[in-house]
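Asks:
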Amino acid sequence: MPKILLNGAEVEFKPGQTVIEVAFANDRNVPHYCWHPALPVVASCRICQVEVSQPGPTGLGPKRLVTACNTQCVEGMVVVTETPAVAKARAGNLEGLLL
Numbered sequence: 605m606p607k608i609l610l611n612g613a614e615v616e617f618k619p620g621q622t623v624i625e626v627a628f629a630n631d632r633n634v635p636h637y638c639w640h641p642a643l644p645v646v647a648s649c650r651i652c653q654v655e656v657s658q659p660g661p662t663g664l665g666p667k668r669l670v671t672a673c674n675t676q677c678v679e680g681m682v683v684v685t686e687t688p689a690v691a692k693a694r695a696g697n698l699e700g701l702l703l
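Heads up: the sequence shown begins at 605 in the numbering used here, then just goes up one per residue.
1) Helix, strand or coil: which one does DSSP assign to arginine 694?
2) Nearest-angstrom Cα distance between valine 704 and glycine 663?
3) Near leucine 669, what residues of its chain come up, given a Cβ to Cβ distance below 8 Å and the 5 sequence neighbours on each side ignored?
4) Any chance you could list the alpha helix (DSSP H) runs of at least 4 consecutive residues sitting entirely within the region 618 to 663, in chain order?
5) Looking only at its own chain, which residues have a Cβ that is under 7 Å from the Cβ of cysteine 673, when we skip the five neighbours before and after it?
6) Would glycine 620 and glutamine 676 be called neighbours here (beta carbons separated by less than 8 Å)?
7) Just the C-alpha distance for alanine 695 and lysine 618, rounded to the nearest angstrom, thanks.
So, in structure tokens, the structure goes:
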């Protein structure tokens with residue numbers, strides 16, 4: 605099975621699984637607001653943002669913030685669910701939702 609690095613731990617995933625599905629399957633919490641496994645993905649709240657580096661032809665690409673609910677896992681992807689950048693982005697999005 606393909607694998608990703610999730611918060612420093614190597615975990616397996618099924619092709620087509622999203623980051624949030626893999627995180628929950630491996631007992632990792634990703635805060636979310638609009639995502640539910642039985643509903644279509646909307647990705648409108650952006651509370652489930654995580655930091656991701658994807659493999660490319662010259663190694664890992666740059667770190668970037670993506671929504672975990674609609675980002676499919678890719679072999680060799682590195683996912684970090686808690687960083688200062690992630691916390692700041694989530695706080696800003698939550699503030700926008702509350703306004």
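All C-beta atoms in this analysis are idealised placements derived from N, C-alpha and C, irrespective of residue type, glycine included. Treat the numbers as computed from the prediction; the structure is a model and nothing was measured.
Replies: So, from the listed chains and residues:
1) If you number the sequence shown from 1, residue 694 lands on position 90. In this structure, arginine 694 counts as helix in the three-state DSSP scheme.
2) The question about residue 704 has no answer here: the residues shown for the chain are numbered 605 through 703.
3) Here the question's residue 669 lines up with position 65 in the sequence shown. Counting only Cβ-Cβ distances below 8 Å, and skipping sequence neighbours, we find Gln653, Val654, Glu655, Val656, Ala689, Val690 and Ala693.
4) 623 to 629
5) As a working mapping, residue 673 is identified with position 69 in the sequence shown. Excluding residues within five positions, the ones whose Cβ falls inside 7 Å are Thr622, Ile624, His636, Trp639, Val645, Ala647 and Cys652.
6) The residue you call residue 620 lines up with position 16 of the sequence shown. The residue you call residue 676 lines up with position 72 of the sequence shown. Taking 8 Å as the Cβ cut-off, glycine 620 and glutamine 676 qualify as a contacting pair.
7) Here residue 695 refers to the residue found at position 91 of the sequence shown. Here residue 618 refers to the residue found at position 14 of the sequence shown. Near 31 Å, if we compare the C-alpha coordinates of lysine 618 and alanine 695.
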